[in-house]
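Chemist:
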Ligand code: ADP
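Residue numbers (the working numbering): 6 to 481.
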């Protein structure tokens with residue numbers, strides 16, 4: 006049995022701001038059947054501490070980057086958690102990343118260096134008689150794990166993998182923090198974790214981990230290009246032999262239209278009707294001749310929703326409707342609130358897990374016009390529920406949707422609509438095509454049936470991770 010320590014800043018259902026949490030929350034369960042035991046190290050934010058029941062202290066540190074800390078082991082929501090209880094770093098209300106002023110907490114470098122430090126200690130010393138063969142680090146928050154393992158003499162005894170969920174976030178710190186972060190000054194070079202005069206936790210992981218993964222094959226290829234690499238494309242090219250793209254899956258129990266407690270359950274595309282009526286009622290939308298399109302998203306530049314604002318009038322003119330749930334950039338929030346003055350647009354600013362299920366179940370189509378998208382999950386939920394995805398041709402969106410080209414329609418395999426380049430003009434064209442497909446009821450029904458048949462769970466990807474864990478497990 007391979008023993009793996011997963012290290013992340015989020016893990017569903019305990020704490021989530023995006024897809025990272027879905028993945029770290031689902032992976033341990035998916036791996037269990039494949040002979041991998043996975044424990045997850047997570048910061049002890051207030052919500053996580055509250056969710057801990059009976060927990061045993063398995064490690065202590067009197068001075069972890071400025072205060073006392075301990076590691077608590079507990080089983081929560083079926084997950085084997087190791088929680089880093091360090092009140093001076095994590096006992097803060099509000100966002101896990103941002104202070105009340107909406108900016109990163111100034112000590113974010115220390116907060117997540119501490120997480121990586123403790124992960125490395127667990128790698129070297131073990132906890133309560135358990136020692137991982139592999140540390141699986143997620144994103145910049147776990148980027149220093151290879152460096153710390155090296156400092157503690159653990160290199161060669163513990164394999165390391167870093168998964169890039171989004172290369173846009175680098176975890177930068179001022180070089181004045183080298184000593185505070187317990188990093189080796191000799192590694193502060195362009196071959197190490199130096200990035201344009203700053204310390205980059207992500208680059209540390211990209212340079213130091215045995216193997217790198219990202220969450221779709223297309224994003225893996227894109228990361229080596231300057232349009233997508235966010236300044237790290239050279240590093241990605243340098244490490245291309247050690248980089249693989251493994252698609253995310255979804256939690257098929259949580260997203261199962263036949264058992265979902267948040268919706269009127271259904272097993273065939275036709276069963277969506279009751280959910281659509283309920284969704285229209287909940288959002289105060291009238292009946293319409295076009296498709297009811299839904300969006301569930303962080304409202305940021307990445308997600309391309311400004312393009313949707315541009316394309317909205319054309320879409321409404323064809324009888325389509327929009328229901329959007331999201332939060333983020335205040336300017337986008339305001340713009341969508343304004344757009345909702347049209348009776349065929351409904352907008353909820355906020356975060357609401359149950360509503361997201363009702364929207365996927367009741368929508369005809371889900372729109373994901375992202376400028377870049379490492380994997381994307383909402384299009385996968387859409388496929389599972391027979392809600393046709395309209396997506397930008399990028400990253401995981403390119404890998405998971407079969408575009409309704411004449412060829413795909415001809416052999417009856419289309420599951421959605423893709424557009425490229427990611428511009429308002431191309432999005433308009435895609436929305437036109439969506440409306441035409443929707444008006445052709447037999448074709449639409451066939452696409453829905455195809456979508457619901459497409460595998461979107463973890464089976465294939467879990468096998469790929471299991472192989473990777475075996476590959477990096479040091480020979481004993
Ligand atoms: P990202 O990680 O970039 O935000 P993903 O598509 O990978 O994008 O994952 C987003 C996850 O967060 C999905 O599970 C999605 O349903 C969920 N989500 C995003 N915004 C909201 C919201 N406002 N309410 C409920 N769930 C949301």
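Virtual Cβ for every residue (Gly too), placed ideally from N, Cα, C.
Keep in mind that this is a model prediction, so the values were computed, not measured.
Quick one: is the Cβ of residue 390 within less than 7 angstroms of any heavy atom of the ligand ADP?
Modeler: Counted from its first residue, the chain shown places residue 390 at position 385. Incorrect: residue 390 has no Cβ contact closer than 7 angstroms to the ligand ADP.
Chemist: Any heavy atom of the ligand ADP within a distance shorter than 7 angstroms of the CB on residue 245?
Modeler: Here residue 245 refers to the residue found at position 240 when the chain shown is read from its first residue. Every heavy atom of the ligand ADP is 7 angstroms or more from the Cβ of residue 245, so no.
Chemist: Is residue 152 a contact residue of the ligand ADP, with contact defined as CB to any heavy atom under 7 angstroms?
Modeler: Translated into the one-based positions of the chain shown, residue 152 becomes position 147. Because no heavy atom of the ligand ADP lies under 7 angstroms away, the Cβ of residue 152 does not count as near it: no.
Chemist: Residues bridged to residue 8 by DSSP?
Modeler: Here residue 8 corresponds to residue number 3 of the chain shown, with the count starting at 1. Answer by DSSP bridge pairing, in chain order: 42.
Chemist: Between residue 356 and the ligand ADP, is the CB less than 7 angstroms from at least one heavy atom?
Modeler: Locating residue 356 in the chain shown gives position 351, counting from the first residue. Checking the Cβ of residue 356 against the ligand ADP gives yes.
Chemist: Could you tell me which of 16, 435, 31, 10 sits nearest to residue 461, measuring between CA atoms?
Modeler: Within the chain shown, the letter at position 456 stands for residue 461. Checked all of 16, 435, 31, 10; the closest Cα to residue 461 is 31.
Chemist: To the nearest angstrom, how far is it from the Cα of residue 218 to the Cα of residue 233?
Modeler: Looking up residue 218 in the chain shown gives position 213. Looking up residue 233 in the chain shown gives position 228. Roughly 16 angstroms separates the two Cα atoms.
Chemist: If residue 205 and residue 170 are in contact, beta carbons under 8 angstroms, what's the gap, nearest whole angstrom?
Modeler: Translated into positions along the chain shown, residue 205 becomes position 200. Translated into positions along the chain shown, residue 170 becomes position 165. With a Cβ gap of about 16 angstroms, residue 205 and residue 170 do not count as contacting.
Chemist: Does at least one heavy atom of the ligand ADP sit under 7 angstroms from the Cβ of residue 261?
Modeler: For this step, residue 261 is matched to residue 256 along the chain shown. Residue 261 Cβ: outside cutoff for every heavy atom of the ligand ADP.
Chemist: Using DSSP bridges, identify the partner residues of residue 249.
Modeler: For the purposes of this step, residue 249 is taken as the residue at position 244 of the chain shown. Answer is 218, bridged to residue 249.
Chemist: Should residue 383 go down as buried or exposed, given a rule of 16 or more other Cβ atoms within 10 Å for buried?
Modeler: Numbered from its first residue, the chain shown carries residue 383 at position 378. Buried is the call here.
Chemist: Do you know whose CA, among 436, 63, 155, lies nearest residue 518's CA?
Modeler: This structure leaves residue 518 out entirely; the chain is present only between 6 and 481.
Chemist: Which one or two residues does DSSP pair with residue 394 in a beta bridge?
Modeler: Translated into the one-based positions of the chain shown, residue 394 becomes position 389. 371.
Chemist: Is any heavy atom in the ligand ADP found nearer than 7 angstroms to the beta carbon of residue 332?
Modeler: Reading the chain shown from its first residue, position 327 is the one you call residue 332. Yes; taking the cut-off as 7 angstroms, the Cβ of residue 332 has a heavy atom of the ligand ADP nearer than that.
Chemist: Could you tell me the boundaries of the beta strand (DSSP E) in which residue 64 lies?
Modeler: Residue numbering aside, residue 64 sits at position 59 when the chain shown is read from its first letter. Taken as a continuous stretch (DSSP letters only), the beta strand (DSSP E) holding residue 64 covers 61-66.
Chemist: Along the chain, where does the beta strand (DSSP E) containing residue 345 start, and where does it finish?
Modeler: Position 340 of the chain shown holds residue 345. Residue 345 -> no beta strand (DSSP E), and no H or E assigned at all.
Chemist: Just checking residue 382 against the ligand ADP - is the residue's beta carbon closer than 7 angstroms to any of the ligand's heavy atoms?
Modeler: Indexing the chain shown from 1 puts residue 382 at position 377. Yes - the ligand ADP has a heavy atom lying nearer than 7 angstroms to the Cβ of residue 382.
Chemist: When the Cβ atoms of the region 340-351 are set against those of the region 240-260, are three or more pairs found closer than 8 angstroms?
Modeler: As far as the Cβ criterion goes, the region 340-351 does not touch the region 240-260, which means the pair count is below three.
Chemist: Beta-carbon within less than 6 angstroms of residue 24's beta-carbon, same chain only, minus the 5 sequence neighbours each way: which residues are those?
Modeler: The count along the chain shown starts at 1 and reaches residue 24 at position 19. The answer, listed in chain order, is 382.
Chemist: For the beta strand (DSSP E) that residue 506 lies in, which residues bound it at each end?
Modeler: This structure gives no information on residue 506, because the portion of the chain shown stretches from 6 to 481.
Chemist: If I'm right that residue 347 touches residue 304 with Cβ under 8 angstroms, what's the distance once you round it to whole angstroms?
Modeler: Taking the first residue of the chain shown as 1, we reach residue 347 at position 342. Taking the first residue of the chain shown as 1, we reach residue 304 at position 299. Actually they do not touch by this definition, with Cβ atoms about 18 angstroms apart.
Chemist: Over the uninterrupted beta strand (DSSP E) stretch that includes residue 333, give me the two end residues.
Modeler: Counting from one through the chain shown, the residue named residue 333 turns up at place 328. Its beta strand (DSSP E) spans residues 326-333.
Chemist: Report, in whole angstroms, the separation of the C-beta atoms of residue 237 and residue 172, which I expect to be a contact under 8 angstroms.
Modeler: Taking the first residue of the chain shown as position 1, residue 237 is located at position 232. Taking the first residue of the chain shown as position 1, residue 172 is located at position 167. Indeed they touch by this definition, with Cβ atoms about 6 angstroms apart.
Chemist: Can you find at least 3 beta carbon pairs, one from the region 108-116 and one from the region 77-89, that sit closer than 8 angstroms?
Modeler: Output reads no: the region 77-89 does not touch the region 108-116.
Chemist: What number of angstroms, rounded off, separates the C-alpha of residue 298 from the C-alpha of residue 397?
Modeler: As a first step, residue 298 is located in the chain shown; it is residue number 293 there, counting from the start. As a first step, residue 397 is located in the chain shown; it is residue number 392 there, counting from the start. Looking at the two C-alpha atoms, the distance is approximately 15 angstroms.
Chemist: Ordered along the chain, which non-local residues of its own chain (more than five positions away) have a Cβ less than 7 angstroms from that of residue 386?
Modeler: Taking the chain shown and counting its residues from 1, the one referred to as residue 386 is at position 381. 255, 260, 365, listed in sequence order.
Chemist: How far does the alpha helix (DSSP H) with residue 387 in it reach, from first residue to last?
Modeler: For the purposes of this step, residue 387 is taken as residue 382 along the chain shown, with counting starting at 1. 383-389 is the extent of the alpha helix (DSSP H) around residue 387.
Chemist: May I ask you to list the residues that DSSP assigns as paired with residue 315?
Modeler: The residue given as residue 315 occupies position 310 in the chain shown. Partner(s): none; residue 315 has no beta bridge.
Chemist: Can you list, in chain order, the residues of its chain whose CB lies under 6 angstroms from that of residue 118, leaving out five sequence neighbours each side?
Modeler: For the purposes of this step, residue 118 is taken as residue 113 along the chain shown, with counting starting at 1. Answer for residue 118: 149, 186, listed in chain order.
Chemist: Starting from residue 354, follow its DSSP beta bridges and name the residues at the other end.
Modeler: The residue given as residue 354 occupies position 349 in the chain shown. Looking at the DSSP assignment, residue 354 forms a beta bridge with 331.
Chemist: Do residue 401 and residue 220 come within 8 angstroms of each other at the CB atom, strictly closer than that value?
Modeler: To locate residue 220, count along the chain shown from 1; it is residue 215. To locate residue 401, count along the chain shown from 1; it is residue 396. Cβ distance < 8 angstroms, so residue 220 and residue 401 count as in contact.
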